[in-house]
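S.K.:
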Amino acid sequence: MSRFVAFLFGVTLLLVCAPGQAQQTEPAKLEIGAQFSSLTLAEPGVKREVGIGGRLTYNLTENLAIEAEGNYFPSGSTKGFTPGGSVLQGQFGLKAGKRWQKFGVFAKARPGFVSFDGTYRARVIGTTTINGMQFPVFDYDHLIRTTHFSMDLGGVVEAYPSRRVIVRFDAGDTIIRYGSYDELVFSNIAEFVRVPARTTHNFQFSAGVGFRLLAPKDDGQGGMRGQAATTGDDSTPRFEVGAHLTSLTFNAPRELVTLPVIPSGRNSPQTETGLGGRFTFNLNDAIGLESVINYFPTTDAIAAGVTGRLLQGQFGVKAGKRFKRFGFFGKARPGFVSFDRSVNLVGTRPFNIGEFRFIVGVFETGRRTFFANDLGGVLEFYPSRRWALRFDAGDTMIHYGKRSIRTFSLNPAFVSAPPEKRHNFQFTSGFSFRF
């Protein structure tokens, strides 16, 4: 994934209309922006959080700026003695680099904090006597907010479709320093164990749009004035090929249980990140035919019967309004999602114990594919006639088929869930070459 991001940043540098031309005027002093952000928390385990945020930038010079950014991740990772719950992030620091007429590339160093609102702090609320011995009684439901120092180190690529508008991509390492804490463990008796402080490295990717305040007006060479695309050199290219990063937040199908107290699968939201490619054939300025393929290399277990690495394909129509420097569209793209290591019930067979006959399931592990429909919106920016920057957001509706799992008994020997549909939020950002 990190290699793909480096490639994405490198190619984005080519999104220039006038290569080699320096910025002709000083940038506006003040910028405000909004972004979508994906944060992969590395320990303990791997938890991917998706959220939204805002940014304020003050440009000291053309090459140096002070920034403040805040992000909120509402999905809420699993609560526990380790930090969990919804995540609030704030980073404040410097951005330095080189700015050209149509793009800029920068490095960033921004200290700050990451705060979790769902961390358990078990506490002793009394004692109880068992066989003449006293034992502590713990309160396990005490949730507190924990805040930890963080440092955001990484790179920034900006594209300038017009004098006022900025399209921005960030990628970097969000280093989090977790403090020591007490964790309740059970050996011979329940007791607290002090867990030492630790530092983790966490990949974060953000994509968004900014607006320059008090910037001089465009010189008439293509500001965002609502001018529709014209013929000649300004006509819409017929073909587009693109690459992108994508995140898919699964609203998992219903939980299956093998026994009343032993769940199998998960029914809480789970976010997976992947990469992909797109091909578009523009019928005219307003309508395009699209094919998209995405691959999620770290997907493991979404729910019982839905496990393994994920391959996604969507094929359909994009329709909307295109202007000289930007365009907005709706999309409807049916397709599929396919998991490569899913357990599937393929039949049954009798099983005899003495005079008793039972029916047990025959299961196979392999690829399972489900119908999916992608409905949503698209926002595009055109730094030049040949290049486009694109953001997609929408509802990927997955129609899961019948799922079954074995039980720990012979009657019944397996349990099943009927087919069901789930709505899943998906966000994608990337670039494309038009020809």
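Residues in the sequence shown are numbered consecutively from 223, following the working numbering. Every residue, glycine too, gets a C-beta built ideally from N, C-alpha and C.
Under 8 Å by Cβ, that's how I've got Lys330 and Val378 pegged, so tell me the actual separation to the nearest angstrom.
M.R.: At roughly 6 Å, the Cβ-Cβ gap stays under 8 Å, so Lys330 and Val378 are in contact.
S.K.: Please report how far the alpha carbon of Ala290 lies from the alpha carbon of Phe592, in whole angstroms.
M.R.: 43 Å
S.K.: On a CA-only basis, which of Val479, Lys320, Phe580 is nearest Leu632? Give me that one, please.
M.R.: Phe580
S.K.: What span of residues does the beta strand (DSSP E) with Arg476 cover, start to end?
M.R.: Here Arg476 belongs to no beta strand (DSSP E), and DSSP marks it neither H nor E.
S.K.: Under 8 Å: do the segment 539-546 and the segment 519-529 share three or more Cβ pairs, one atom per stretch?
M.R.: no
S.K.: Out of curiosity, what's the CA-to-CA distance linking Asp614 and Val359?
M.R.: 51 Å
S.K.: If distances are taken between C-alpha atoms only, which option among Val479, Asn353, Asp507, Gln313 comes closest to Ser337?
M.R.: Nearest of Val479, Asn353, Asp507, Gln313 to Ser337, Cα basis: Gln313.
S.K.: Going by DSSP in three states, Phe630 sits in which element: helix, strand or coil?
M.R.: coil
S.K.: Pop quiz: Glu602 and Gly549 are said to be a contact at Cβ under 8 Å. What is the actual Cβ separation, rounded to whole angstroms?
M.R.: 5 Å
S.K.: Helix, strand or coil for Leu436, going by three-state DSSP, please let me know.
M.R.: coil
S.K.: Given this structure, state the Cα-to-Cα distance separating Lys540 from Gly557, to the nearest angstrom.
M.R.: Rounded to the nearest angstrom, the gap between the Cα atoms of Lys540 and Gly557 is 14 Å.
S.K.: Under 8 Å by Cβ, that's how I've got His370 and Tyr342 pegged, so tell me the actual separation to the nearest angstrom.
M.R.: Not really, about 16 Å apart at Cβ, beyond 8 Å.
S.K.: Determine the DSSP secondary structure at Asp617, reduced to helix, strand or coil.
M.R.: strand
S.K.: How many angstroms separate the CA atom of Gly583 from the CA atom of Met619?
M.R.: Answer to the nearest angstrom: the Cα atoms are 29 Å apart.
S.K.: Given a threshold of 16 other Cβ atoms within 10 Å of its Cβ, counted over all protein chains shown, does Ser638 qualify as buried or as exposed?
M.R.: exposed
S.K.: Three-state secondary structure (DSSP) at Thr529?
M.R.: strand
S.K.: Under 8 Å, with one C-beta from each stretch per pair, do the segment 501-519 and the segment 528-535 reach the 3-pair mark?
M.R.: A contact exists between the segment 501-519 and the segment 528-535.
S.K.: Measuring from the CB of Gly376, is there a heavy atom of the ligand MN at a distance below 7 Å?
M.R.: Judged by which ligands are present, the structure shown has none, so any question about the ligand MN falls away.
S.K.: Can you tell me whether DSSP reads Lys330 as helix, strand or coil?
M.R.: strand
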